[in-house]
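J.: In the numbering used here, the protein residues as written are 14 to 1176. Heads up, the beta-carbon is just placed ideally off N, CA and C, and yes, glycines get one too. This one's a predicted model, so the numbers in the text were calculated from it and none came from an experiment.
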Amino acid sequence: MLRWIRQQLGFDPPHQSETRTVYVANRFPQHGHYVPQRFADNRIISSKYTIWNFVPKNLFEQFRRIANFYFLIIFLVQLMIDTPTSPVTSGLPLFFVITVTAIKQGYEDWLRHKADNEVNGAPVFVVRSGSLVQTRSKNIRVGDIVRVAKDETFPVDLVLLSSDRPDGTCHITTASLDGETNLKTHYSVAETAVCQSVSQLEALQAVVECQQPEADLYRFVGRITVTQHGEEIVRPLGPENLLLRGARLKNTKEIFGVAVYTGMESKMALNYKCKSQKRSAVEKSMNTFLIIYLGILLFEAILSTILKYAWQAEDKWDEPFYNQKTEQERNSSPILKFISDFLAFLVLYNFIIPISLYVTVEMQKFLGSFFIGWDLDLYHEESDQKAQVNTSDLNEELGQVEYVFTDKTGTLTENEMQFRECSINGTKYREVNGKLVPEGMTDDTPDGSTPHLIGDEVLFLKAVSLCHTVQISYDQPDCLVGGGDPFAHANGFSSSHMEYYASSPDEKALVEAAKRIGVAFTCSNGDIMEIKTFGKPERYKLLHVLEFDANRRRMSVILQTPSGGTVLFTKGAESAILPFATGGEIEKTRLHVDEFALKGLRTLVVACRHFSPEEYIDVDRRLNAARTALQQREERLQEAFSYIERDLQLLGATGVEDKLQDKVQETIEALRLAGIKVWVLTGDKHETAVSVSLSCGHFHRTMNILELLQQRSDNECAEQLRVLARRIKEDHVIQHGLVVDGASLSLALREHEKLFMEVCKNCSAVLCCRMAPLQKAKVVRLLKTSPEKPITLAIGDGANDVSMIQEAHVGIGIMGKEGRQAVRNSDYAIARFKFLAKLLLVHGHFYYIRIATLVQYFFYKNVCFITPQFLYQFFCLFSQQTLYDSVYLTLYNICFTSLPILVYSLFEQLVHPHILQNKPGLYRDISKNSLLSFRTFLYWTLLGFCHAFVFFFGSYILMGEDTSLMGNGQMFGNWTFGTLVFTVMVITVTLKLALETHFWTWMNHFVTWGSIAFYFIFSLFYGGIIWPFLHTQDMYFVFVQLLSSGSAWFAIIIIVITCLFPDVVKKVLYRHLLPTSTQKSQSLSTPQAQTLSCVESLCCYQHGQSGCSRLAHFLEQMTGQCRGTANHCHTSSHSNRSWSDTENFYSNDRSILTLSPIEASHC
């Protein structure tokens, strides 16, 4: 127990050494004083709270928010001293906010507990005491031998001991870990692969030594020592021997493995990463405004306290005859009395800080985020994927983006590779009808005949067919079994019986191309690889795989040929192969690679090396020594790889085409018109990247392209940057583009950030090629932290884009073919790049104007609320008498004025969504947080003060001279006066929001007029009954009396008109004399177009197909649009369309093609 406490406090970490020793089947040594290491159990804990710590922990987290803590202090002050308002006025709203948030977080955590219990209680089989025992997943211990059957997920991180296959291999998929759906082969060591029964495993004497747990999914360093006949055999263990928790067993009946990492120490659990909290610009502005209002509150409280004592300097006001002081009051300390009065005024005015603002903003963000997922224009039918929102806190940030950083492969392109050309021994070839045709020749060979390829071409195709990590899936899983040739075809095989799976689309495209041409990879069975060269089978023994890594940028295989020789095949980037090549047509191949790149093809260079028996013995020894090392294994492997991958014989190069995605050019142009600068960050070589940039419209043909490439030193880089800066100033070209490579970028970022940023900011498009993943994040951070602090957005589809996505203000993942890591780590996920235009130009625009108005309006209505209370003190000798009843104080923000602004912030549309996409320039109107600028904030605040003065003095003028407004001469009192002010205020602030609303639905009408009606009904009910639990009945019959006075009705109408009429005049004058681009666009909207809402794009698919789901129907009913059924979306009105199919920027908006401008009654 004491040790556990010390571990929790961090004094006694459970792992003292750098490695852990795992005894297979927990056969601990019997001799000596062995003390077993302590390991975590196999429980997964993703929940945040327990039943014991939920209340204190949740309260602690909630009161870390400044507004909640502030209201807690106010509540405590009300409890401790005699304040003018009841503690309920602060306590009830605070309790409501805290309770709602706690229930939401508690429910989410309960769901996590439920999911954890399902995982931890799952049945598993382990080998114990010579038999197979069923137990729960949470009971697995490090060292247990676990059995996993086909299609089951691995419950712990296991080192593979054996499988039902003779060679001890198994196939798995890691879709739940990294999204890759291809089959991966994992291996066991030969000494344990033979242990296929429980009795053999029970007799196994083995010890696994490995590194302590770490989060990297692709790194594992260990070794296994097997004792056979008294002799210890040591074998290396790497990632290919480790089966990760969460992966799934495929195409293998069963496997046995030893648990090495359990529970929260498994690699999957270590990747449960809490992303750093991103805060939007609106939230930062909101906090600034809160501080300003806190200053106003303190100023009003201090001023009121000072004026109170200035007023009471005269004896007749200090102690009037009707309010004599007690002896205790006379003898009390003046300082304590001053502090007490100050705190009382602080309590009286505290509602100027809107506590319900946080709740409303959270609800608006949470509910508003559903519109992105429901938008059918962001739905990709081919892949059946809709947009998803992972972080609703950043919705409005989509309307503030100034820089977009995009990956190229899989983001701008399809990541669907097609083999186009190759270079073999200095001769260019292209594929025509499944045959290799040299450049300049046509395919005149009769169909079906075997092409005559010479030795160089065949060797090249063999290298392509053998140098890869592709897996094969069979319809009939008889790989090396005889009995009929399943591959008989024109070239000796048929594709109907097998399918290739690869983690890299390039590899799959190359292997499939080689198969079409005549050299087919037909089988991989353990360390045997079989190919068929024009129908003739050949078997190669796989000796070693030198895995691909980002630093080497190449991968290799060492094979034993059918003739008994040893050969190394390697492929990779030309910069990683050509410097190490000593034979072959190097210069011609380099030229061909550059030509392929200029066409926009992805290039790989292929080479080989033949080993003599002595050389191979040396290579094998070096590899085994590096792979069995427990310390610095990666460094030693890199040294071994460098020693092996040299003196290469160049075979040729391949050119693979990656097609551009649909509508990429239109999307980039729309973003540029919206004032957004697009940067492309890619790992491809410079020629390929430039070619793709030109084809997708990122670079224009008329653009002046500047280059910062192959810089060798800081001085050289600085000089080139100065030259580029001068050229930008001297060249009278409207637009410049910059191309920079990774090496030059490293130099530029090291010493010359300012100069580099100056060049970049003067370029309308920047292309960074040969980029490492961390360099992408550094570029994003460089822009983020520049003096202008622009809002950045990063978009990518692969694991190499994760760091960039997490670094940017807004991260967007593309649901592509490179796994789901980018999607999991993003804030938003979309299926195609073209959807980015609508996400920013429409959804971003709407979210920003909605929340900006919400924040300003909240502050405005609270200034209207509290300022009359402040003014009232001048008329009651600063006695801290409250103007409003406590119930009104409590319900003003919770009930009377909360719903209209919430509905406004969910449905408001300043401009029709089609126009926003048609006119990307409208995005500039809301850039730089313009709707929450200090000037706008000042306008709303002053407007609140002006309206408050009109409320108070308008009512005062009416009642100040003659309070006998009843027909019977009965006089009004202070509660009637306060109620009159409050009534005018509720009506005015509600109608003020109605004036700001451009897009009316039945929901807006319901909550706007319903809020006013609810106030009147509630007040009649509240004031018409004597409530026994209230110690005073101040409001009894007050509201009824007020409404029975014709003068009061007249006052209400006059004051409301006086407040709102100047607003109407201002809006009319500004719209006609100084209209903004947005207001001009509003006038362009036809009445028919204005009746169509954003929600209506959910109603119809292209070609008029019905697309209304239950959610869409629900939204149609809520907004009062889409009357009738979705089947009324007619395409018969095509002749009346005001938008054509060919117009740019919104052609992915399906509703345009079918709805515009059909009458509202049709849809």
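Below 7 Å CB to CB, which residues in the same chain sit around residue 790 once its five sequence neighbours on both sides are set aside?
T.: 816, 817 and 820.
J.: Cα separation between residue 396 and residue 848?
T.: Those two C-alpha atoms are separated by around 14 Å.
J.: CB-CB under 6 Å to residue 359, same chain, minus the five flanking residues each way: which ones, in chain order?
T.: For residue 359, where only same-chain residues beyond five positions count, the Cβ hits under 6 Å are 314.
J.: Could you tell me whether the Cβ atoms of residue 694 and residue 418 are closer together than 7 Å?
T.: Going by C-beta atoms, residue 694 is nearer than 7 Å to residue 418.
J.: Just to confirm before moving on: does the CB-CB distance between residue 590 and residue 620 stay below 7 Å?
T.: Going by C-beta atoms, residue 590 is nearer than 7 Å to residue 620.
J.: By alpha-carbon positions, which one of 771, 797, 787 and 750 ends up nearest to residue 777?
T.: Out of 771, 797, 787 and 750, 750 has the C-alpha closest to the C-alpha of residue 777.
J.: Within the chosen definition, does the segment 839 to 853 reach the segment 679 to 699 through at least 3 CB pairs nearer than 8 Å?
T.: A contact exists between the segment 839 to 853 and the segment 679 to 699.
J.: So if DSSP puts residue 175 in a beta bridge, which residue, or which two residues, is it bridged to?
T.: Residue 175 pairs with 269.
J.: Use the C-beta contact count for residue 567: other C-beta atoms within 10 angstroms, 16 or more gives buried, fewer gives exposed.
T.: Residue 567 comes out buried.
J.: By the 10 Å Cβ neighbour count, where 16 or more other Cβ atoms means buried, how is residue 623 classified, buried or exposed?
T.: Counting Cβ neighbours within 10 Å, residue 623 comes out exposed, since fewer than 16 surround it.
J.: Since I believe residue 1001 is in contact with residue 960 (beta carbons under 8 Å), could you give me their beta-carbon distance rounded to a whole number of angstroms?
T.: That belief holds up - the Cβ atoms of residue 960 and residue 1001 are roughly 6 Å apart, short of 8 Å.
J.: I'd like to check one pair, residue 381 with residue 919: are the Cβ atoms closer than 7 Å?
T.: In contact: residue 919 and residue 381 (Cβ atoms closer than 7 Å).
J.: For the segment 623 to 639 against the segment 569 to 587, do three or more pairs of beta-carbon atoms, one drawn from each stretch, fall closer than 8 Å, so that the two count as touching?
T.: In short, these stretches touch, since the Cβ pair count reaches three.
J.: Does DSSP classify residue 678 as helix, strand or coil?
T.: Residue 678: helix per DSSP, three-state reduction.
J.: Indicate the three-state DSSP secondary structure (helix, strand or coil) for residue 896 in the structure shown.
T.: If DSSP states are grouped into helix, strand and coil, residue 896 belongs with coil.
J.: Pull up the CB-CB distance for residue 106 and residue 907, whole angstroms please, since I reckon it's below 8 Å.
T.: Going by Cβ atoms, the distance from residue 106 to residue 907 rounds to 6 Å, so yes, they are a contact pair.
J.: When the Cα of residue 89 is compared with those of 363, 70, 876 and 922, which residue comes out closest?
T.: Of the candidates 363, 70, 876 and 922, the one whose C-alpha sits nearest the C-alpha of residue 89 is 363.
J.: May I ask you to report which of helix, strand or coil DSSP gives residue 665?
T.: Residue 665: strand per DSSP, three-state reduction.
J.: Per the contact definition of three or more C-beta pairs closer than 8 Å, is the segment 914 to 928 in contact with the segment 851 to 868?
T.: As far as the Cβ criterion goes, the segment 851 to 868 touches the segment 914 to 928, which means the pair count is three or higher.
J.: Going by Cα to Cα distance, which pick from 377, 108 and 122 is closest to residue 62?
T.: Of the listed residues, the one whose Cα sits closest to residue 62 is 122.
J.: Between 128, 139, 877 and 1063, which has its C-alpha nearest residue 306's C-alpha?
T.: It is 877.
J.: Using C-beta distances below 7 Å, list every residue in its chain close to residue 526, excluding the 5 sequence neighbours before and after it, in chain order.
T.: Cβ within range, chain order: 432 and 444.
J.: Using a threshold of 7 Å, state whether the C-beta atoms of residue 129 and residue 276 are closer than that.
T.: No, the pair does not count as a contact, with Cβ atoms beyond the cut-off.
J.: Give me, in chain order, the residues of the same chain whose beta-carbon lies closer than 7 Å to that of residue 76; leave out the 5 immediate sequence neighbours on both sides.
T.: So the qualifying residues of the chain are 82 and 85.
J.: Going straight from the alpha carbon of residue 59 to that of residue 601, what length do you get?
T.: Answer to the nearest angstrom: the Cα atoms are 57 Å apart.
J.: To which residues does DSSP link residue 841 through a beta bridge?
T.: In DSSP, residue 841 forms a bridge with 402 and 825.
J.: Can you list, in chain order, the residues of its chain with a C-beta nearer than 6 Å to that of residue 814? Leave out the 5 residues immediately preceding and following it.
T.: Correct list, in chain order: 420 and 835.
J.: Grab the span of the beta strand (DSSP E) containing residue 559 for me, first residue to last.
T.: Counting along the chain, the beta strand (DSSP E) containing residue 559 begins and ends at 549 to 559.
J.: What residue range is occupied by the uninterrupted beta strand (DSSP E) comprising residue 753?
T.: Unbroken beta strand (DSSP E) run through residue 753: 749 to 754.
J.: Work out the CA separation of residue 31 and residue 228 for me, nearest whole Å.
T.: If you take the alpha carbons of residue 228 and residue 31, they lie about 15 Å apart.
J.: So, is the C-beta of residue 639 closer than 7 Å to a C-beta in chain B?
T.: The question asks about chain B, but that chain is absent: this structure has only one protein chain.
J.: Count the other C-beta atoms from every protein chain shown that fall within 10 angstroms of the C-beta of residue 631, then say buried if there are 16 or more, exposed otherwise.
T.: Counting Cβ neighbours within 10 Å, residue 631 comes out exposed, since fewer than 16 surround it.
J.: Under 8 Å: do the segment 139 to 154 and the segment 193 to 209 share three or more Cβ pairs, one atom per stretch?
T.: Because the criterion of three Cβ pairs below 8 Å is not met, the segment 139 to 154 and the segment 193 to 209 do not touch.
J.: Just confirm the distance between the C-beta atoms of residue 730 and residue 757, as a whole number of angstroms; I'd bet it's less than 8 Å.
T.: That pair is a contact at about 6 Å.
J.: Answer with buried or exposed for residue 78, where buried requires no fewer than 16 other C-beta atoms within 10 angstroms of its C-beta.
T.: Counting Cβ neighbours within 10 Å, residue 78 comes out exposed, since fewer than 16 surround it.
J.: Alpha carbon to alpha carbon, what distance is there between residue 879 and residue 824?
T.: Going from the Cα of residue 824 to the Cα of residue 879 covers about 41 Å.
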